[in-house]
Amino acid sequence: MSQSIVFLDFDGVLNTEQYQARLIVDGKPTKDTWGPLFDPYAVESLRRILDEMAFAPNFSGNES
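Sequential numbering of the sequence shown, starting at 215, is according to this note's numbering.
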């Protein structure tokens with residue numbers, strides 16, 4: 215059985231400079247407690263990739 219792996223690079227990929235600049239121009243926060251906000255377009259693109267891969271998270275360990 216083959217296994218698909220997705221490596222996520224957040225800096226500059228999911229939290230793009232373009233989106234950060236737009237937030238600044240619009241007077242909106244650019245980050246929250248966890249760091250810079252993700253670009254919704256980038257998140258949607260990732261979702262489409264995962265859908266195409268039929269990706270389902272596989273967690274190991276105690277899942278109680």
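From the three backbone atoms N, C-alpha and C, an ideal C-beta is built for every residue, glycine too.
Option in 219, 251 and 227 with minimal Cα separation from residue 234: The residue you call residue 234 lines up with position 20 of the sequence shown. If we check each option's Cα against that of residue 234, 251 comes out closest.
Where residue 232 sits in the DSSP three-state scheme: By one-based count along the sequence shown, residue 232 stands at place 18. Reduced to three states, the DSSP call for residue 232 is helix.
Nearest-angstrom Cβ-Cβ length linking residue 253 and residue 229, presumed shorter than 8 Å: Numbered from its first residue, the sequence shown carries residue 253 at position 39. Numbered from its first residue, the sequence shown carries residue 229 at position 15. 6 Å between Cβ atoms; contact.
Residue 218 vs residue 267 beta-carbon contact at 7 Å: Working through the sequence shown from its first residue, we reach residue 218 at position 4. Working through the sequence shown from its first residue, we reach residue 267 at position 53. A contact, by the Cβ cut-off of 7 Å.
Where residue 254 falls: helix, strand or coil (DSSP): Start at 1 with the first residue of the sequence shown, and residue 254 comes out as number 40. Looking at residue 254 - three-state DSSP - the assignment turns out to be helix.
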